[in-house]
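Going line by line, the protein sequences match chains A and B. Residue 57 in my numbering sits at position 77 of the first sequence, with consecutive numbering throughout. Residue 0 in my numbering sits at position 20 of the second sequence, with consecutive numbering throughout. Note that beta-carbon positions come from the ideal geometry of N, C-alpha and C, so glycine has one too. Keep in mind that this is a model prediction, so the values were computed, not measured.
There are 2 protein chains.
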Amino acid sequence: MTLCMTDLSHRKTLPWLDESLLTHLPPFSKLEKREIRTILDQATSRRYDEGVAIFDEGAPAERFFMLLDGYVRVVRVTPTGEQVTALHIPTGQLLGIAKAIGREIYPATALTATESIVLSWPTRLWDTFVADYDGFATETYKTVGDRMGEIQNRVVEMATQQVEQRVANALLRLINQTGRKVSDGIEIDFPITRQDLSELTATTLHTASRLLSAWEKQGLVQSKRKRIKVLDPHALVVISQPKSDL
Amino acid sequence: MTLCMTDLSHRKTLPWLDESLLTHLPPFSKLEKREIRTILDQATSRRYDEGVAIFDEGAPAERFFMLLDGYVRVVRVTPTGEQVTALHIPTGQLLGIAKAIGREIYPATALTATESIVLSWPTRLWDTFVADYDGFATETYKTVGDRMGEIQNRVVEMATQQVEQRVANALLRLINQTGRKVSDGIEIDFPITRQDLSELTATTLHTASRLLSAWEKQGLVQSKRKRIKVLDPHALVVISQPKSDL
DNA sequence: ATTTGAATTTGCGCCAGCGCAAAGTTCTCT
DNA sequence: AGAGAACTTTGCGCTGGCGCAAATTCAAAT
């Protein structure tokens, strides 16, 4: 999860951003080294602590971002203060790309799930990027499409599945997207509380906790505070399936 | 709801598509008459009966569409056969624009909610449209953004609100987007069954029916088979609000 | 006019999962 | 080391709304 760190963490703008930071990330992968240099020279780099907002829902979309390291949760807050997690963004993806969907303000809040390193550019450069850089637009719209698909899946899930299945699905998605193989299973690569999991699956902290406890007793998962490790993904897949019989 | 009809309905390709069909629709509104002529000359026009599929989830996205008249429901079907309605598309919007989100296949099924008139173009023209026509890309991405926002709102609603509130919200959204003022209220401008309403709000046909019956007794709505008329929108707004007290 | 099928209404019982409450555990900070 | 905060677990009762079933109404088709 750590990519090129050391003493970068304490400065707001990092003078020596290496081209290799971006060359392997889809929106930039088709570009010349020279172009990437230009892009990096215009970028601001910044480190965020765990659990802080990169941008807030409703704020003017003055910048757009590339997550170089860490994980981000995109959440929406209801008038009554409840949080709903829309999606998770893994390392290497763009975020805050309101401009890509014709918005002037951010449609949701981005919270770091871990300590994170983020590049950003002023939104006025967006059109330049789209016009000048081969593949940038295409890849960006693909990202938008993927996220839209993911959210739509959430709608379908929430409309048709039981809580137990939704939580199982959420865990499977998390280990697929951000899982880290360890000796005896796959661990979700960032701190996640029962509360977080419940906000992701439209249930309560309590129900999520009960489910995890039950699964732990059955040996499917293993979890500490803020950490969840899946030991038996297949069993979870079975649970996540709507029960045909009975 | 009817815009320029008469004898168009029985032919597959309509020879005399007038430029005025498109001039007032956002994606084309910035264009010269000459450009619109070109666009129309490449288009295929077609009429669809009520309740038929314009395209199917998972099929190759060979064409993209402009809904000239009618209403379309975008639905997804689960492995177990349940339908979930993702959104409604009103007259004057593009649909099937998989290309705009980097997809090669349609991510959902489009069903006509009424008899509809639809223009379509082969997907290979998409890049041409984006490149050549001023404002087309911008407006399209705005549409994508709006739809994404709508779906996200659905997630938040489903995660935080009671069935009663969700159904009230769905009705309010429907009369806002596709309502037709009548003498004593606002009527939803296309046939919609209790089943449809339940698929839109993630509940059952039965619960939706009960709610409508109750509201009808209170004089808030009035409904016949497949038709719903809202008499007292404000009362619905009150219901749609999370109850703060108690 | 009759049939047929789709759409709707309504009653009844039940249970998944929420709300509340309280206690236990693990981290962090001083 | 101790205090406090954050996170987690677990028990218990209750209820919103689903599942099932049956009756009714409405519309289109022959």
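{"Query": "Answer yes or no: does any C-beta atom of chain A fall closer than 8 Å to that of A230 of chain B?", "Result": "Nothing about residue 230 of chain B can be read from this structure; chain B reaches only from -19 to 226."}
{"Query": "At what residues does the beta strand (DSSP E) containing R160 of chain A begin and finish?", "Result": "159 to 162"}
{"Query": "Comparing the C-beta of P87 of chain A with each C-beta of chain B, is any distance below 8 Å?", "Result": "yes"}
{"Query": "Can you pull the chain A neighbours of E62 of chain B, defined as C-beta to C-beta under 8 Å?", "Result": "A139, T140"}
{"Query": "So, does the CB of K223 of chain A fall closer than 8 Å to a CB anywhere in chain B?", "Result": "no"}
{"Query": "What number of angstroms, rounded off, separates the C-alpha of R153 of chain A from the C-alpha of K209 of chain B?", "Result": "42 Å"}
{"Query": "Quick one: is R205 of chain B buried, meaning 16 or more other Cβ sit within 10 Å of its Cβ, or exposed?", "Result": "exposed"}
{"Query": "Could you have a look at L67 of chain B and say whether DSSP puts it in helix, strand or coil?", "Result": "strand"}
{"Query": "Along chain A, which residues have their Cβ under 9 Å away from the Cβ of Y121 of chain B?", "Result": "K79, A80, I81, G82, Y121, V124"}
{"Query": "Say whether chain A places a C-beta atom closer than 8 Å to the C-beta of A90 of chain B.", "Result": "no"}
{"Query": "In chain order, which alpha helix (DSSP H) runs of at least 4 residues are fully inside the segment 70 to 136 of chain B?", "Result": "106 to 112"}
{"Query": "Looking at the C-beta of Q157 of chain B, does it have a partner C-beta in chain A at a distance below 8 Å?", "Result": "no"}
{"Query": "Alpha carbon to alpha carbon, how far is P222 of chain B from V143 of chain B?", "Result": "11 Å"}
{"Query": "Are the segment 105 to 122 of chain A and the segment 64 to 72 of chain A touching by the rule of at least three beta carbon pairs closer than 8 Å?", "Result": "no"}
{"Query": "Could you spell out where the alpha helix (DSSP H) holding E15 of chain B opens and where it closes?", "Result": "13 to 22"}
{"Query": "For Q132 of chain B, which residues in chain A fall below 8 Å Cβ to Cβ?", "Result": "R56, A66, P87, A88, I131"}
{"Query": "Using C-beta distances below 6 Å, list every residue in its chain close to L(-17) of chain B, excluding the 5 sequence neighbours before and after it, in chain order.", "Result": "With a pLDDT of 44 at L(-17) of chain B, under the threshold of 50, the predicted position of this residue should be treated as unreliable, though the coordinate-derived value follows. The residues are D49."}
{"Query": "Is it right to say R160 of chain B is buried, meaning 16 or more other beta carbons lie within 10 angstroms of its own, or is it exposed?", "Result": "exposed"}
{"Query": "Short of 7 Å Cβ to Cβ, which residues in the segment 182 to 211 of chain B face chain A?", "Result": "A182"}
{"Query": "With a threshold of 8 Å between beta carbons, is T118 of chain B in contact with chain A?", "Result": "yes"}
{"Query": "Nearest by alpha-carbon distance to K79 of chain B: which of B:T94, B:L47, B:E42 is it?", "Result": "B:E42"}
{"Query": "Does chain A have any CB closer than 8 Å to the CB of D(-13) of chain B?", "Result": "Interpretation of D(-13) of chain B is limited by its pLDDT of 42, a score under 50 that renders its predicted location unreliable; the figure taken from the coordinates is listed afterwards. Not an interface residue."}
{"Query": "So A33 of chain B is in the beta strand (DSSP E); what residue range does that whole segment cover?", "Result": "33 to 35"}
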